[in-house]
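Sequential numbering from 1 applies to the sequence shown in the UniProt record's numbering. Note sheet for the following structure.
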Amino acid sequence: MLTRCTARGLPSARGLAAVAERRRAAEFLQLFDGDAPDGGGSSTYTYILADGGAAVIIDPVLEQVDRDLAALSASGLTLTLAVNTHCHADHITGTGELKRRLPGLRSAIARAAGAKADVLLEAGEEIGFGQRRLRVLETPGHTDGCLSFYDPSLGAVFTGDALLIGGCGRTDFQGGSSERLYRSVHEQLFTLPDETTVYPAHDYKGRRSSTIGAEKASNPRLTKPLAEFVDLMANLNLPYPRKIDASLPANLACGVF
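And the structure:
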């Protein structure tokens, strides 16, 4: 990262302030895989979290790897871990391509996902980068290997497809279970402080975040009693994701290398 220097060759106060501001902004980046010319956008949110120059990326998308690398480079960050909240069915993860282009980068996913990765995560573990820690929460139900990540320093939780804004992930494939999803959300996520910001893996209406309190109060699916929720989920009759045949095999290998 370049800074403006004084005549003596040292960064000026203004230059140092600019660097600090860029670094603070880079401690949290929310990036979106929106509509593509071929209609192939997955409406996936990717997150870059950083501290002390070290960064982790959550749910990278293959087609957006150049964007993600540019964001890391512009902020002077070193990516140390690429983690997926679950084995996605609607896009191919960018993890494999990131590993190919960044030697030494490690991948991570839930042990229960049955996918290949350098780090297989379980409940209660922590992901460290700089002085920050992400707490690993097991939130199965959308698939049998779903994780959420709680960041106390940011006051936020990254919920993957377990908890969406005003909704939740489907439960009709990949070992999904409506009852498990309901219990995951109510026991693992709705027990977090109400002011906790919710950052999901997807949104299809342009919304960027919610809060635990808002979802507890008004999520139209998850405020229902368990039996009603299970019945609702059993009758969604959704088409399978368009890219599922390519995405699942690739993501079980943690991406295309």
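Quick reminder that beta carbons are idealized off the backbone N, C-alpha and C, glycines included. Keep in mind that this is a model prediction, so the values were computed, not measured.
Inset, instruction - Could you tell me the distance, in whole angstroms, from the CA atom of T223 to the CA atom of R183? - result: What you label residue 223 is simply residue 223 of the sequence shown in a count that begins at 1. What you label residue 183 is simply residue 183 of the sequence shown in a count that begins at 1. In this structure, the alpha-carbon of T223 lies about 12 Å from that of R183.
Legend entry - In DSSP terms, what L72 is bridged to: On the sequence shown, position 72 is the one that residue 72 refers to. Answer is none; L72 lacks a bridge partner.
Inset, instruction - Would you check if there are 3 or more beta carbon pairs closer than 8 Å linking the region 63-83 to the region 95-115? - result: In the pairwise beta carbon analysis, the region 63-83 is classified as touching the region 95-115: at least three pairs are separated by under 8 Å.
Legend entry - I212 in three-state terms, based on DSSP: Translated into positions along the sequence shown, residue 212 becomes position 212. In the structure shown, I212 sits in a helix (DSSP, three-state: H, G or I).
Legend entry - Backbone CA spacing between H202 and D161 [nearest angstrom]: Against the sequence shown, residue 202 aligns to sequence position 202. Against the sequence shown, residue 161 aligns to sequence position 161. So the two alpha carbons sit approximately 7 Å from each other.
Inset, instruction - Report the residue from E138, A113, R101, F149 whose alpha carbon sits nearest the alpha carbon of V47. - result: The residue given as residue 47 occupies position 47 in the sequence shown. Per the sequence shown, residue 47 should be read as Tyr rather than Val. Ranked by Cα distance from Y47, the first of E138, A113, R101, F149 is F149.
Legend entry - C-alpha distance - G166 paired with F28, whole-angstrom precision: Numbered from 1 along the sequence shown, position 166 holds the residue referred to as residue 166. Numbered from 1 along the sequence shown, position 28 holds the residue referred to as residue 28. Taking the straight line from one Cα to the other gives about 23 Å.
Inset, instruction - Tell me whether C5 is buried or exposed, calling it buried when 16 or more other Cβ atoms sit within 10 Å of its Cβ. - result: In the sequence shown, counting from the first residue as 1, residue 5 sits at position 5. Because the pLDDT at C5 is just 33, under 50, the model does not fix this residue reliably, and the value given afterwards should be weighed accordingly. Counting every other CB atom within 10 Å of its CB across the protein chains shown gives C5 a total below 16, marking it as exposed.
Inset, instruction - Report the residue ranges of all beta strand (DSSP E) runs contained in full by the UniProt domain "Metallo-beta-lactamase" (43-202); include only those spanning at least 3 residues, in chain order. - result: Entirely contained in the UniProt domain "Metallo-beta-lactamase" (43-202), the beta strand (DSSP E) runs reaching 3 residues are, in chain order, 44-51, 54-58, 78-83, 106-110, 119-121, 126-129, 132-138, 147-151, 156-160, 197-200.
Inset, instruction - Count the C-beta pairs between the region 112-120 and the region 178-192 that are closer than 8 Å, then say yes if the count reaches three, no if not. - result: No contact exists between the region 112-120 and the region 178-192.
Inset, instruction - Evaluate contact between the region 88-96 and the region 56-76, counting only Cβ atoms and requiring at least three cross-stretch pairs below 8 Å. - result: Under the 8 Å Cβ criterion, the region 88-96 counts as touching the region 56-76, having at least three qualifying pairs.
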